[in-house]
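Read through the structure below, which is laid out as structure tokens, and then see the notes.
Protein chains: 4
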Amino acid sequence: MADADAPVFEHVIRVGWGDCDPAQIAYTGHIPGFALEAIDAWWEAHLGGDGWFQMELDRGYGTPFVHMSLDFSAPITPRHRLICAVWPTRLGETSIAFRVDGRQDGVLCFAGAFVSVFTTAGSLAKRPAPSEIRQLVEPLIRPADSNPYAE
Amino acid sequence: MADADAPVFEHVIRVGWGDCDPAQIAYTGHIPGFALEAIDAWWEAHLGGDGWFQMELDRGYGTPFVHMSLDFSAPITPRHRLICAVWPTRLGETSIAFRVDGRQDGVLCFAGAFVSVFTTAGSLAKRPAPSEIRQLVEPLIRPADSNPYAE
Amino acid sequence: MADADAPVFEHVIRVGWGDCDPAQIAYTGHIPGFALEAIDAWWEAHLGGDGWFQMELDRGYGTPFVHMSLDFSAPITPRHRLICAVWPTRLGETSIAFRVDGRQDGVLCFAGAFVSVFTTAGSLAKRPAPSEIRQLVEPLIRPADSNPYAE
Amino acid sequence: MADADAPVFEHVIRVGWGDCDPAQIAYTGHIPGFALEAIDAWWEAHLGGDGWFQMELDRGYGTPFVHMSLDFSAPITPRHRLICAVWPTRLGETSIAFRVDGRQDGVLCFAGAFVSVFTTAGSLAKRPAPSEIRQLVEPLIRPADSNPYAE
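If you're matching them up, the sequences are chains L, R, B and V in order. Using my numbering, the letters of the first sequence map in sequence onto residues 36 to 186. Using my numbering, the letters of the second sequence map in sequence onto residues 36 to 186. Using my numbering, the letters of the third sequence map in sequence onto residues 36 to 186. Using my numbering, the letters of the fourth sequence map in sequence onto residues 36 to 186.
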């Protein structure tokens with residue numbers, strides 16, 4: 036049901052001195068955190084201002100990660116903002132997958148794939164995707180390999 | 036020469052799930068990093084887009100910290116953006132002091148005082164404040180204890 | 036009641052590449068986290084293996100910070116382990132203060148003062164220091180300015 | 036040339052309160068950093084005390100990452116130390132692959148695969164694996180999917 040024309044959300048991250056290592060580029064260990072922040076911001080933008088925090092505390096469910104995979108293709112530096120394009124690529128019975136592509140100045144720096152499962156808050160017991168999520172996410176699914184900036 | 040009417044810079048930080056600890060508030064260990072990011076953003080906003088990264092790599096000087104002090108008065112959570120007010124409070128021969136106050140929803144969460152020294156890039160040798168910095172900073176100095184939101 | 040001969044606890048931190056910034060030293064924003072980790076390890080060593088996590092979840096109280104102050108006197112690098120000396124300096128009715136001194140290769144890198152209050156877990160309501168804590172801490176209090184390595 | 040009997044290095048990480056999120060488990064965004072720290076410690080243990088920092092600054096080469104992939108199978112908490120088993124799984128002409136498996140109390144928490152390329156320090160230009168590295172690494176290569184704790 037993936038729709039290559041579904042809109043893509045962008046989250047902007049300010050990369051600073053403190054993100055960089057002695058090679059003068061963002062430390063690899065921080066990059067997964069950038070991508071996760073972009074997914075958290077995706078939820079916030081699509082779920083009425085609620086990110087993971089409100090999801091767990093107010094809505095009663097969580098989305099812990101079971102997988103992440105990232106390819107790094109260009110260094111990230113403080114010279115440009117990091118623009119993270121985020122989109123859901125699959126919604127299973129109890130899981131959801133996201134793609135996050137990070138770009139600086141138009142150059143792809145990393146491409147990441149992330150899989151979470153739905154759980155009941157306060158436990159780590161798996162549960163089906165909440166129906167409010169199913170309704171929200173289904174129209175936004177795009178293929179994992181669709182370039183959101185392709186003409 | 037502090038001027039209580041000098042403008043105050045604000046830097047906005049998105050606090051997320053990943054910043055919080057099991058007490059459901061931002062972990063104390065992350066808060067100094069928020070304040071430092073706000074100072075880095077202050078430089079970026081006032082130095083033609085150059086933060087600490089460009090200062091060290093392009094301009095040839097750095098500003099390592101010799102002191103920080105923070106008082107925490109209210110918890111920080113993802114429910115609001117963290118608005119950091121930043122202003123220089125003193126410019127010495129070889130040092131500069133900043134105040135950073137972090138607020139959420141109008142409530143003061145922390146007040147911090149920070150002192151850096153000027154160094155030559157690539158070394159940690161102290162040097163006088165660069166004249167371009169002196170010109171920039173002097174008109175912006177406010178008293179440390181001036182509330183930027185006071186009427 | 037501070038006793039300058041009370042023993043001092045040491046916590047060892049491995050400083051790595053990922054802790055360092057483009058100036059090739061540990062990023063200032065990470066140093067408060069080093070000191071807090073050392074205090075957490077102090078509790079773990081003195082409270083039967085329980086750090087802040089077990090204190091909050093199992094013992095029903097927390098110790099959120101209300102103040103921290105650090106002076107930085109030498110850069111921290113991966114060339115040596117960071118040895119953090121930790122000791123309590125004061126135990127009030129509802130608060131506790133710690134000193135943390137970080138050294139590398141015998142050189143003092145930072146000296147920090149930290150104040151926490153006791154709270155009931157799951158809330159941020161202040162409470163008196165638990166009696167198990169009072170018994171534990173009182174004999175370990177040393178003056179804030181006592182050098183643990185002085186002859 | 037992988038040898039399933041090659042020894043496996045273990046790096047121990049103290050997981051603390053500050054690593055955990057409101058779900059009372061280590062935040063996913065910190066776990067790649069744990070694995071990277073374990074690889075950095077692997078180098079340090081095998082390269083005469085030199086980790087990435089000394090590799091870049093003293094030996095003149097670096098190993099930036101081009102890929103990472105992690106599967107998360109159990110939550111990580113402060114209740115046990117995190118034991119990271121690290122081993123090289125492949126040494127190419129210009130690249131090296133590592134496996135990092137993190138366990139707590141004997142339970143596999145994550146399994147990660149990491150690929151770096153060799154570069155000349157101070158640039159990001161790819162170069163062949165240094166011969167000192169080739170000699171060191173070749174006898175230590177194990178299959179990616181070999182369980183180091185299997186009988």
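For each residue, glycine too, the CB sits at the ideal point set by N, CA and C. Since the model is a prediction, treat every value here as computed from it, not as a measurement.
is_contact[residue i, chain V] using C-beta, thresh 7 Å
{"i": "B:Gly-157", "result": "no"}
{"i": "B:Gly-86", "result": "yes"}
Identity of the residue in the options nearest residue i by Cα
{"i": "L:Leu-175", "options": "L:Ile-48, L:His-81, L:Ala-76, L:Arg-116", "result": "L:His-81"}
{"i": "V:Val-50", "options": "V:Gln-139, V:Leu-105, V:Ala-41", "result": "V:Gln-139"}
{"i": "L:Gly-147", "options": "L:Ala-132, L:Gly-141, L:Ala-156", "result": "L:Ala-132"}
{"i": "V:Ala-164", "options": "V:Glu-72, V:Gly-157, V:Ser-151", "result": "V:Ser-151"}
{"i": "B:Leu-71", "options": "B:Leu-126, B:Gly-127, B:Leu-105, B:Glu-128", "result": "B:Leu-105"}
{"i": "B:Gly-127", "options": "B:Arg-169, B:Ile-48, B:Ile-60, B:Pro-42", "result": "B:Arg-169"}
{"i": "R:Val-101", "options": "B:Glu-173, B:Phe-153, B:Leu-143, B:Ala-41", "result": "B:Leu-143"}
{"i": "V:Ser-108", "options": "L:Ser-166, L:Pro-178, L:Glu-167, L:Leu-159", "result": "L:Leu-159"}
{"i": "V:Thr-129", "options": "V:Thr-154, V:Phe-88, V:Met-103, V:Val-172", "result": "V:Thr-154"}
{"i": "V:Trp-77", "options": "V:Leu-171, V:Ser-181, V:Pro-178", "result": "V:Leu-171"}
{"i": "V:Leu-117", "options": "V:Pro-99, V:Thr-124, V:Gly-137", "result": "V:Gly-137"}
{"i": "V:Phe-149", "options": "V:Phe-88, V:Pro-99, V:Cys-55, V:Gly-83", "result": "V:Pro-99"}
{"i": "B:Ala-41", "options": "B:Glu-167, B:Arg-162, B:Gly-83, B:Arg-125", "result": "B:Arg-125"}
{"i": "R:Ile-48", "options": "R:Gln-89, R:Gly-83, R:Glu-91, R:Thr-112", "result": "R:Thr-112"}
{"i": "B:Arg-134", "options": "B:His-115, B:Asp-180, B:Gly-141, B:Ile-60", "result": "B:Asp-180"}
{"i": "V:Phe-88", "options": "B:Gly-84, B:Ile-60, B:Met-103", "result": "B:Ile-60"}
{"i": "V:Phe-145", "options": "V:Asn-182, V:Asp-56, V:Glu-79, V:Gly-84", "result": "V:Asn-182"}
{"i": "B:His-115", "options": "V:Gly-141, V:Met-103, V:Glu-79, V:Arg-114", "result": "V:Glu-79"}
7 Å Cβ cutoff, residue i in contact with chain B
{"i": "L:Tyr-62", "result": "yes"}
{"i": "V:Glu-72", "result": "yes"}
Contact test: residue i Cβ vs the ligand ATP heavy atom, cutoff 6 Å
{"i": "R:Val-50", "result": "Questions concerning the ligand ATP fall outside what the structure shown contains, since it holds no ligand whatsoever."}
CB contact below 7 Å: residue i versus chain L
{"i": "R:Pro-67", "result": "no"}
{"i": "R:Gly-137", "result": "no"}
Supposed close pair residue i, residue j - CB separation, criterion 8 Å
{"i": "V:Cys-119", "j": "V:His-46", "result": "5 Å"}
{"i": "R:Phe-69", "j": "R:Trp-122", "result": "R:Phe-69 to R:Trp-122, Cβ: 16 Å. No contact."}
{"i": "R:Gly-53", "j": "V:Tyr-62", "result": "5 Å"}
{"i": "L:Gly-86", "j": "L:Asp-75", "result": "5 Å"}
{"i": "R:Pro-67", "j": "B:Pro-67", "result": "4 Å"}
{"i": "V:Gly-97", "j": "L:Ala-58", "result": "6 Å"}
{"i": "L:Ala-73", "j": "L:Pro-178", "result": "Contact doesn't hold; Cβ gap of about 18 Å is too wide."}
{"i": "B:Glu-91", "j": "B:Ala-39", "result": "About 32 Å; that fails the 8 Å criterion."}
Closer than 7 Å to chain R by CB, residue i
{"i": "L:Asp-75", "result": "yes"}
{"i": "L:Gly-83", "result": "no"}
Note down, in chain order, all residues in the stretch 43–60 of chain B with a beta-carbon under 7 Å from any beta-carbon belonging to chain L. Trp-52, Gly-53, Cys-55, Asp-56, Pro-57, Gln-59
What beta strand (DSSP E) runs, 3 residues minimum, are completely inside the stretch 114–152 of chain L? 117–126, 130–139, 142–152
Selection of the stretch 92–107 of chain L by Cβ proximity to chain V, strictly under 8 Å: Leu-92, Gly-97, Pro-99, Phe-100, Val-101, His-102, Met-103, Ser-104, Leu-105, Asp-106, Phe-107
Near-chain L residues of the stretch 103–132 of chain R - C-beta to any C-beta below 9 Å: Thr-112, Pro-113, Arg-114
Any chance you could list the alpha helix (DSSP H) runs of at least 4 consecutive residues sitting entirely within the stretch 66–97 of chain R, in chain order? 66–81
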